[in-house]
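Here the protein sequences come in this chain order: A and B. Per the UniProt record's numbering, the first sequence runs over residues 1 to 347. Per the UniProt record's numbering, the second sequence runs over residues 1 to 347. Glycine residues also receive a C-beta, built at the ideal position from the N, C-alpha and C atoms. Report on the following structure.
Number of protein chains: 2
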Amino acid sequence: MASRAKATILDIAREAGVSKSTVSLVLQGSGLIRPETATRVRKAIEDVGYVYNRGAANLRKAHSNVIGMVINDLTNPFFAELAVGMERVFQAAGVVPFIANTAENPVRQEEVLKSLMEQGVAGLIVSPARGTTPGAFRRIEAAGVPIVFTMRRLPESRIPVIAPDNHRGAVLATEHLIRKGHRRLAFFGGSSDLVVYHERLGGFLEACETHGIPASDRLIVEGETSRKGGMACLETALAGAQPPTAALCFNDAVAFGAMLALRKRGLEAGADFAVVGFDDVAEAEHYSPALTSVAVDTAGLGERAAHVMLKMIQSRTTRAEDHIGAVSLVVRESSGPDRNNEVGDAA
Amino acid sequence: MASRAKATILDIAREAGVSKSTVSLVLQGSGLIRPETATRVRKAIEDVGYVYNRGAANLRKAHSNVIGMVINDLTNPFFAELAVGMERVFQAAGVVPFIANTAENPVRQEEVLKSLMEQGVAGLIVSPARGTTPGAFRRIEAAGVPIVFTMRRLPESRIPVIAPDNHRGAVLATEHLIRKGHRRLAFFGGSSDLVVYHERLGGFLEACETHGIPASDRLIVEGETSRKGGMACLETALAGAQPPTAALCFNDAVAFGAMLALRKRGLEAGADFAVVGFDDVAEAEHYSPALTSVAVDTAGLGERAAHVMLKMIQSRTTRAEDHIGAVSLVVRESSGPDRNNEVGDAA
DNA sequence: CGCTATAAATGGAACGTTCCAATAAATCAA
DNA sequence: TTGATTTATTGGAACGTTCCATTTATAGCG
């Protein structure tokens, strides 16, 4: 049944009674071939169960159609949503994106990038792992392969970035909490080795500044960007003498964790402590209580990144402009007013 | 900076003053090369920024080190967890898995498989998209590329499957509901074009049978395997004259949807209506109320699938045994007793 | 009919590796 | 010293495609 030796273009040529060049032309959909010949060739292809060998082709063409998508945490639904947005665009362009997970591990990331490069990818869309060294992409850049960063950027690097307006999002969220009457605020999760962290924290601090929240009433708790991290942050925060009454969380996972920890203490997010997330993953809407979060148009960012990548490949450049996506605050149930300071809020 | 023409093995040979064969040997870590020569070559590799061309190599070797992972719905956290389990194993084996998403679309799946095959994958781990035609994998089988199905199987196919014991899981869950005093039961979500559906539904029906729940008191509502589908199922179920008091859901996403719909009606899962999910995704534990679900050891199944694949590749066979993973019911808050039929349940 | 113009098909070199068989150099045994 | 053995290194022929430069067939025109 299964012919052992895999068929090549030459086998097809023999089968169809044409030359290998003709077969190649048919494979590429060239109009130079007489339609009848083309169908004959196509039939032969079908008959022998031929599979195109893209490796061999790339040897001559140096122009693959695969794009690598390197993601730091596939279990975060946020990245899955991002990937889906990209795929929509790539599919339309006849490009197949291969996704690889680095699990937030720079060593693993190194391996994955190496493998992708060896495979001859046309471009790389990357959300770099935490702790990525500044030089990690130098070789890839030198090889002339276009790279686009999504969501995260590296400290000093000329690689284009597609990301939401983290600063603005944090300002929006923080102002919302202040308007709700909260005067002792916390920022939960993330760590300072992430540029995004500084952007989001920076927005938080700026809003505090503008609205006269003194530094002594701001609590910053670093932590893992996961549910577990969020739980830990909340515990730390409530252990203090003058605990905060509201928190802006680094992302939704942290927010979910904080809410879970609240429930464990018999407290309710929204009523007893205000929680705001970041990213607005699909789950946020369906949580209980529903999570107030900064919406970043995840799928839109994914589409944007894919478009930028396609353009870079097409114009064979390695440069592109950054894109900072608009954000908006989606107010739900988790961010109620401060009970001890019922200022009220019209909005 | 970036040398335009990419360096080849020959450039390195020139740089290091050896022959291309020597470079090739060094690249493969052969012990035949004098250590000093090897270091000299490695230095040259570093200096010229060489990237190995795996396509060219495969032309001779016909033995790539990439494995394709084809997943039907990346946004379902279940599959992300599965992927993570596989990656652990593959990483240790020095293999890089490329993940591709089919978004439950057989046409897209066709494209993805084609692309992966052209890329010369060593093997394929697949969770087939809904509506996959029985012949979809014939060509791949004929090409001698090992395939392993995970979670889902195709109606008639000799391809090995790694999946949980769906039947048993459904029996466990259903018996739990019956012990809780429920006498009118529903099965929510999924559709009959999925083999898994029949396995899970079969377990449900069998348990009903054994415990004397008449067919008239069993309600089966097909639906999308998503939150949205779950919401619709619940609405349909409660619209009837003699609505059920408990439901076993096709998977956790459906269960979350059903719980959400309950809340919209002012009802509470656990207290007013019992809900049991399937898969026990990480989220289940953290939901409110926490979801009772059938745990399938997702990561373990992923690891198992990866191991089977590695063994198939190594022994160059296309056959392997099915693996049916053990399941267990994790009882949480969402599956309380029937209020109108407080039989009680010691366990 | 001969000529040119167009259309269709073809052979061969190249792409960057691997691997076999062969060579060159170093070591050993007698 | 000579030949045998071991250790390092090397050319060259594949592998399956693309693409350029040709060749062959077909049509058009006077």
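Buried or exposed by the 16-neighbour rule on C-beta atoms within 10 Å, applied to residue i
i, result
"E104 of chain B", "buried"
"residue 401 of chain B", "Residue 401 of chain B lies beyond the stretch modelled for chain B, which goes from 1 to 347, so this question has no answer here."
"A80 of chain A", "buried"
"A347 of chain A", "The predicted model places A347 of chain A with a pLDDT of 41, which falls under 50 and marks its position as unreliable; any figure quoted below should be read in that light. The residue is exposed, with fewer than 16 neighbouring Cβ atoms inside 10 Å."
"Q314 of chain A", "exposed"
"K61 of chain A", "exposed"
"K264 of chain A", "exposed"
"E222 of chain A", "buried"
"A326 of chain B", "exposed"
"S21 of chain B", "exposed"
"L262 of chain A", "buried"
"N340 of chain B", "exposed"
"T75 of chain A", "buried"
"P214 of chain B", "exposed"
"T317 of chain A", "exposed"
"G29 of chain A", "exposed"
"V18 of chain B", "buried"
"residue 352 of chain B", "Any question about residue 352 of chain B goes unanswered here, given that chain B covers just 1 to 347."
"D11 of chain B", "buried"
"A92 of chain B", "exposed"
"S328 of chain A", "exposed"
"G266 of chain A", "exposed"
"A16 of chain A", "buried"
Contact set for residue i: own chain, Cβ-Cβ below 8 Å, skip 5 residues either direction
i, result
"residue 406 of chain B", "For residue 406 of chain B there is no data in the structure shown, the boundaries of chain B being 1 and 347."
"A142 of chain A", "none"
"D345 of chain A", "Caution applies to D345 of chain A, whose pLDDT of 46 falls short of 50 and renders its modelled position unreliable; the value that the coordinates give is listed next. Closer than 8 Å at Cβ, skipping near neighbours: R179, K180, G181 and P337."
"A100 of chain A", "G68, M69, V70, I71, V112, S115 and L116"
Closest Cα partner of residue i within the set the options
i, options, result
"V51 of chain B", "A:L82, A:Y197, A:T225 and A:K114", "A:K114"
"P106 of chain A", "A:L154, A:G85 and A:R60", "A:L154"
"I220 of chain B", "B:A93, B:Y197 and B:H211", "B:Y197"
"F187 of chain B", "B:P35, B:K6, B:V275 and B:G325", "B:V275"
"A163 of chain A", "A:L74, A:V148 and A:A100", "A:V148"
"V41 of chain B", "B:A56, B:R54 and B:L25", "B:L25"
"I324 of chain A", "A:V161, A:L32, A:L260 and A:P146", "A:V161"
"A207 of chain B", "B:R168, B:M231 and B:E235", "B:R168"
"L291 of chain B", "B:E268, B:L59, B:M312 and B:A232", "B:E268"
"M312 of chain A", "A:A232, A:I159 and A:R108", "A:I159"
"G49 of chain A", "B:R139, B:G257 and B:A16", "B:R139"
"residue 351 of chain B", "A:N53, A:Q119 and A:I45", "Shown here, chain B extends from 1 to 347; a query on residue 351 of chain B therefore has no answer."
"L82 of chain B", "B:A320, B:V308, B:R319 and B:A299", "B:A299"
"E156 of chain B", "B:H176, B:L177 and B:P134", "B:P134"
"Y287 of chain A", "B:Q109, B:L260, B:F273 and B:V308", "B:L260"
Anticipated Cβ contact below 8 Å, residue i with residue j, distance rounded
i, j, result
"T150 of chain A", "L301 of chain A", "7 Å"
"A277 of chain B", "A255 of chain B", "The amino acid occupying residue 277 of chain B in the given sequence is Gly; Ala does not appear at that position. About 3 Å; that satisfies the 8 Å criterion."
"F250 of chain A", "G189 of chain A", "4 Å"
"P77 of chain A", "E283 of chain A", "6 Å"
"L172 of chain B", "A56 of chain A", "Incorrect: roughly 52 Å between the Cβ atoms, too far for contact."
Same chain only: Cβ atoms within 6 Å of residue i, ignoring 5 sequence neighbours per side
i, result
"E303 of chain A", "G85 and V89"
"D280 of chain B", "S293, A295 and V330"
"N72 of chain A", "T102, E104, S127 and A129"
"V195 of chain A", "R153"
"N65 of chain A", "V95"
"S3 of chain B", "Per-residue confidence for S3 of chain B stands at a pLDDT of 47, beneath the threshold of 50, marking its modelled position as unreliable; the derived number appears in the next sentence. Contacts found: none."
"R14 of chain B", "none"
"R184 of chain A", "D217, P244 and T245"
"S226 of chain A", "A253"
Beta-carbon proximity list for residue i, same chain, < 7 Å, skipping 5 on both sides
i, result
"E87 of chain B", "P97"
"F204 of chain B", "A170, T174, F187 and L248"
"V121 of chain A", "S64, V66, I67, G68 and V145"
"L32 of chain B", "L25"
"C233 of chain A", "F188, G189, V221, G223, V254 and A258"
"S191 of chain B", "Y197 and E222"
"A305 of chain A", "M86, I125, V148, T150 and I162"
"N166 of chain A", "V196, E199, R200 and G203"
Using a Cβ cut-off of 9 Å, which residues of the stretch 250-268 of chain B contact any Cβ in chain A, in chain order? F256, G257, M259, L260 and R263
With 9 Å as the limit, tell me which residues of the stretch 107-121 of chain A have their beta carbon closer than that to any beta carbon of chain B; keep them in chain order. R108, E111, V112, K114, S115, L116, M117, E118, Q119 and G120
Under 8 Å (Cβ pairs) to chain A, residues found in the stretch 76-101 of chain B: P77, A80, E81, A83, V84, E87, Q91, V96, P97, F98, I99, A100 and N101
Listed from N- to C-terminal order along the chain, which residues in the UniProt domain "HTH lacI-type" (7-61) of chain B have their beta-carbon within a distance smaller than 8 Å of any beta-carbon of chain A? Against chain A - using a Cβ distance shorter than 8 Å - the residues of the UniProt domain "HTH lacI-type" (7-61) of chain B are G49, V51, Y52, N53, R54, G55, A56, N58 and L59.
In chain order, what residues of the stretch 311-339 of chain A put their CB closer than 9 Å to some CB of chain B? T318
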